[in-house]
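Notes follow once the structure below has been shown.
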Amino acid sequence: MEDYELRATRRAYGDALVDIGGDEKIVVLSADLTNSTCTHAFSELFPRRFFQCGVAEQNMVGMAVGLALSGKIPFVSTFSAFIPNRALDQIRVSVCYNKANVKLASTHAGLTVGEDGATHQALEDIAIMRALPNMTVIVPCDFEETKKAVKQAASFKGPVYIRLGRSKLPVFTKSHTPFHIGKAELFWKGKDATVIACGIMVYQALLAAEELSKEGINIDVLNCHTIKPLDEHKILHSVKKTGCVVTAEEHQINGGLGGAIAELLSEHHPVPLKRIGVEDSFGESGKADELMKKYGLTAHDIVKAVKKVIKKKF
Numbered sequence: 026m027e028d029y030e031l032r033a034t035r036r037a038y039g040d041a042l043v044d045i046g047g048d049e050k051i052v053v054l055s056a057d058l059t060n061s062t063c064t065h066a067f068s069e070l071f072p073r074r075f076f077q078c079g080v081a082e083q084n085m086v087g088m089a090v091g092l093a094l095s096g097k098i099p100f101v102s103t104f105s106a107f108i109p110n111r112a113l114d115q116i117r118v119s120v121c122y123n124k125a126n127v128k129l130a131s132t133h134a135g136l137t138v139g140e141d142g143a144t145h146q147a148l149e150d151i152a153i154m155r156a157l158p159n160m161t162v163i164v165p166c167d168f169e170e171t172k173k174a175v176k177q178a179a180s181f182k183g184p185v186y187i188r189l190g191r192s193k194l195p196v197f198t199k200s201h202t203p204f205h206i207g208k209a210e211l212f213w214k215g216k217d218a219t220v221i222a223c224g225i226m227v228y229q230a231l232l233a234a235e236e237l238s239k240e241g242i243n244i245d246v247l248n249c250h251t252i253k254p255l256d257e258h259k260i261l262h263s264v265k266k267t268g269c270v271v272t273a274e275e276h277q278i279n280g281g282l283g284g285a286i287a288e289l290l291s292e293h294h295p296v297p298l299k300r301i302g303v304e305d306s307f308g309e310s311g312k313a314d315e316l317m318k319k320y321g322l323t324a325h326d327i328v329k330a331v332k333k334v335i336k337k338k339f
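Start counting the sequence shown at 26; every next residue gets the next number (our numbering).
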């Protein structure tokens, strides 16, 4: 793979908010994390539509619902450790039950929060949010895709959860790379196995595909940025062609992308499946790259998993 520019998805979130900030309906709420969530530029350009809510995430969600029901398009901004966990009741009842047009953007998700440690390494948020009725769940893979996700979320009617990270990631998609909520994208084409990934793991899946191709193993790599609703048609089309699947996510293996794919395949097309993710444990403090290696979230781990599921086909 070529060398790519490194940029954080949370930076893209802030840039996208500025891009759409000319729309008077757009409002942004922060829980005393303006700089960390990169909402400072919006707050400076559009101060009358920026609300600093303090360390009161439950109240912030309630405020956002009120704004949404009055016709605004609120973007709630805080860490993934706090949204959804601290405000789950408000998200479930006030946002989802009412189908309120609230956009929940959480940054600092997953192990790559690094030195902040287990308390701030949200590894269960995808599972929580995809279980809620009326919630759309998006996990962008890089800077460019995040900008598209935020802009499409603004025009998408209903609750949306956008999961973002802290660390800088390779920017390997382009401004013209297709992105549509609810539609997976094929980033690498093969016939021997299907790898379905989201977020930071999409790039790792592409590295794995390149490595496997040197051994004569060719795989499909699907960027499944929308966890809910799944692109069932594209996923099943790939799996019926390859006959085995590996999922990869910076999240618990239970209930996230891997769980969603397992549910889909068990009902429609059972095949050998291996889930790459954190295996029912908390994280710990450490460098992002070191943690990804320790918890088995690297291209090398995907390569090993692909070889295992291919053997199970026969």
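Glycine included, C-beta positions come from ideal geometry on N, C-alpha and C.
- Partner residues in a beta bridge of residue 140, as assigned by DSSP, do not exist.
- Taking a 10 Å sphere around the C-beta of residue 197, we find 16 or more other C-beta atoms and assign the residue as buried.
- Under DSSP, residue 129 shares a beta bridge with 101, 186.
- By the neighbour-count criterion, in which a residue is buried when 16 or more other Cβ atoms sit within 10 angstroms of its Cβ, residue 73 is exposed.
- Taking the CA atoms as reference points, residue 216 sits about 19 Å from residue 229.
- Within the model, the alpha-carbon separation for residue 219 versus residue 266 is close to 9 Å.
- Fully enclosed beta strand (DSSP E) runs of no fewer than 3 residues occupy 210-213, 218-222, 244-248 of the region 206-248, in order along the chain.
- The closest CA to that of residue 202, considering only 232, 167, 226, 178, is found on 167.
- CA-to-CA, the gap between residue 108 and residue 120 works out to about 13 Å.
- Taken through DSSP and simplified to helix, strand or coil, residue 50 comes out as coil.
- Between residue 179 and residue 187, the alpha-carbon positions lie close to 11 Å from each other.
- Nearest in C-alpha terms to residue 332, of all of 260, 240, 292, 130, is 240.
- A residue is called buried once 16 or more other Cβ atoms fall within 10 Å of its Cβ, and residue 182, having fewer, is exposed.
- Sequence-distant Cβ neighbours of residue 80 in its own chain, meaning closer than 8 Å and more than five residues away, are 56, 57.
- Across the set 195, 133, 93, 124, the C-alpha of 195 shows the shortest separation from the C-alpha of residue 31.
- The three-state reading of DSSP puts residue 282 in helix, counting H, G and I together.
- Distance from the CA of residue 162 to the CA of residue 310, rounded to the nearest whole angstrom, comes to 27 Å.
- Residue pairing for residue 277: DSSP places it in a beta bridge opposite 303.
- Partner residues in the beta bridge of residue 163, as assigned by DSSP, are 187, 251.
- Your pair residue 105 and residue 133 checks out as a contact, with CB atoms roughly 6 Å apart and the cut at 8 Å.
- The Cβ atoms of residue 204 and residue 170 lie closer than 8 Å to each other.
- Under the 10 Å beta carbon count, residue 156 is surrounded by fewer than 16 other beta carbons and is classified as exposed.
- Scanning its chain for C-beta atoms nearer than 7 Å, with the 5 sequence neighbours on each side dropped, one finds around residue 115 the residues 83, 86, 87, in chain order.
- For residue 179, no beta strand (DSSP E) segment is defined; the enclosing uninterrupted segment is the alpha helix (DSSP H) at 168-180.
- Note that the C-beta distance between residue 275 and residue 225 is below 8 Å.
- By the CB criterion at 8 Å, residue 324 and residue 233 fall inside the cutoff.
- In this structure residue 319 is exposed. Its beta-carbon is surrounded by fewer than 16 other beta-carbon atoms within 10 angstroms.
- Taken atom to atom, the span from the alpha-carbon of residue 37 to that of residue 130 is near 12 Å.
- A direct Cα-Cα distance of roughly 27 Å separates residue 305 from residue 62.
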